[in-house]
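**Student:** In mature numbering (1 follows the signal peptide of the UniProt record, and there is no 0), the protein residues as written are -18 to -1, 1 to 367. A virtual CB, placed ideally from N, CA and C, is assigned to each residue, including glycine. Just so it is clear, the structure is predicted and the values come from calculations on it, not from any experiment.
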Ligand SMILES: [Zn+2]
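#1: Count the C-beta pairs between the segment 106 to 114 and the segment 198 to 214 that are closer than 8 Å, then say yes if the count reaches three, no if not.
#2: Just to confirm before moving on: does the CB-CB distance between residue 191 and residue 286 stay below 9 Å?
#3: If we count the other Cβ atoms within 10 Å of its Cβ and call it buried at 16 or more, is residue 134 buried or exposed?
#4: What number of angstroms, rounded off, separates the C-alpha of residue 278 from the C-alpha of residue 272?
#5: DSSP three-state call for residue 354: helix, strand or coil?
#6: Is residue 27 near ligand 1, with its Cβ less than 8 Å from a heavy atom?
#7: Ignoring anything shorter than 4 residues or poking outside the segment 93 to 165, list the alpha helix (DSSP H) runs there in chain order.
#8: Just checking residue 122 against ligand 1 - is the residue's beta carbon closer than 8 Å to any of the ligand's heavy atoms?
#9: Which residues does DSSP list as the beta-bridge partners of residue 364?
#10: Any heavy atom of ligand 1 closer than 8 Å to the beta-carbon of residue 33?
#11: Mind listing, in chain order, the continuous beta strand (DSSP E) runs of no fewer than 3 residues lying wholly within the segment 274 to 312?
#12: With DSSP as the reference, please indicate the residues paired to residue 179 in a beta bridge.
#13: By DSSP, does residue 331 sit in helix, in strand, or in coil?
#14: Tell me, please, whether the segment 48 to 56 touches the segment 25 to 34 by the rule of three or more beta-carbon pairs shorter than 8 Å.
#15: Please list, in chain order, all residues of the same chain as residue 246 whose beta carbon is under 7 Å from its beta carbon, the five residues on each side excluded.
#16: Please determine whether the Cβ atom of residue 85 lies at a distance below 8 Å from any heavy atom of ligand 1.
#17: Can you tell me whether DSSP reads residue 195 as helix, strand or coil?
#18: Let me know the secondary structure DSSP gives residue 56 once reduced to three states.
#19: So is residue -1 buried or exposed if we call it buried at 16+ other beta carbons inside 10 Å?
#20: Could you check the C-alpha separation between residue 61 and residue 33 for me, to the nearest Å?
#21: Taking the alpha-carbon positions, what's the residue 322 to residue 42 distance?
#22: Please classify residue 91: does DSSP put it in a helix, a strand, or coil?
#23: Please state if the CB of residue 352 and the CB of residue 143 are separated by a distance shorter than 9 Å.
#24: What do you reckon, are the CB atoms on residue 21 and residue 174 nearer than 9 Å?
#25: Could you pull the DSSP bridge partners for residue 48 from this structure?
#26: Could you spell out the range, first to last residue, of the alpha helix (DSSP H) harbouring residue 38?
#27: With DSSP collapsed to three states, give me the class of residue 208.
#28: Taking just the CA atoms, how far does residue 212 sit from residue 45?
#29: Would you check if the segment 168 to 188 and the segment 72 to 83 touch, i.e. whether three or more CB-CB distances between them fall below 8 Å?
#30: Would you mind reading off the limits of the alpha helix (DSSP H) that contains residue 379?
#31: In the DSSP assignment, what are the bridge partners of residue 237?
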């Protein structure tokens, strides 16, 4: 509440001076591989059967950890056991972050495919936890400048790699993993900061955990924190509470995005809570970070929105003079979809439009997240409103 008051006050000041919110600017094309302080012991590729056991080890020493989760890799994130385990982890104060829906190598994908990998998992987070993760670790650590820039600008996520790899996913033994963490314990607090990689799906990583790596580090005076904590950053955008299971909680098959619920709090969302307007705050389907030369019209056209629709969701900006790096709320395109369609391979917005008797511009508007010239096979599109 106090934070909200402060943000509202800051926002009022920003609106009054017609200046964008510089506090929320991101350093584009930056990939994080080290903490600012403390020790982030992180776990990839879950959720899996050992998830709760990992959390418990950290709970027992008053430490925190971070899980980079997949939607459908070693198990389906919507399995009831996973839902319960993830919620317990979240409630214990550990961080849950994105590792993509299917553990895909993002550098090999089109923008539309990257969107699905990120948004399908984001949707699962919102349904299960009521939050959207701000951090993502690219599978295999595979990232390049173009892909990083796209993910940061389109999805507003911070990309995290690691400073030290325990080697548990590349054939290391239980003893190797244990020795890896023991070396940091031996060095004590001076081994910080550190951002280490283990896997909650690997017997060697779990075996080392069972040998006592977590109490070993804690007893050595090392401060075990989440990645967000070690970077002094926020882990999530908030969308209300836990969701209730329905037919949309599934893995496999084709995916049709569910409507995104209204975001309830976020630094980058404060624009729409502004002050004097009595218009209901629109929800943002994503946050776009402006680049030099952007206008409301140019940003709107990227997402099939009018200049007015874009400005209504971002009343703090000056449409023809937007500072680079400004977080811009992209509002939803409009009413609910009346008919959806699963794409075959090699189709375009124009081809789909002619099949359903609408215009290519309408298909682009209703499905702002696809690349119209390169729509992935099996993508769920809205074709009628
Ligand atoms: Zn992985």
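**Tutor:** Let me lay it out:
#1: no
#2: no
#3: buried
#4: 10 Å
#5: coil
#6: yes
#7: 93 to 111 and 127 to 137
#8: yes
#9: 322
#10: no
#11: 309 to 312
#12: 24 and 147
#13: helix
#14: yes
#15: 220, 221 and 222
#16: yes
#17: helix
#18: coil
#19: Its pLDDT being 37, under 50, residue -1 is placed unreliably by the model, and the measurement read from it follows with that caveat. So residue -1 counts as exposed.
#20: 13 Å
#21: 48 Å
#22: coil
#23: no
#24: yes
#25: 24 and 77
#26: 33 to 42
#27: coil
#28: 12 Å
#29: no
#30: This structure cannot speak to residue 379, because the chain is shown only from -18 to 367.
#31: 361
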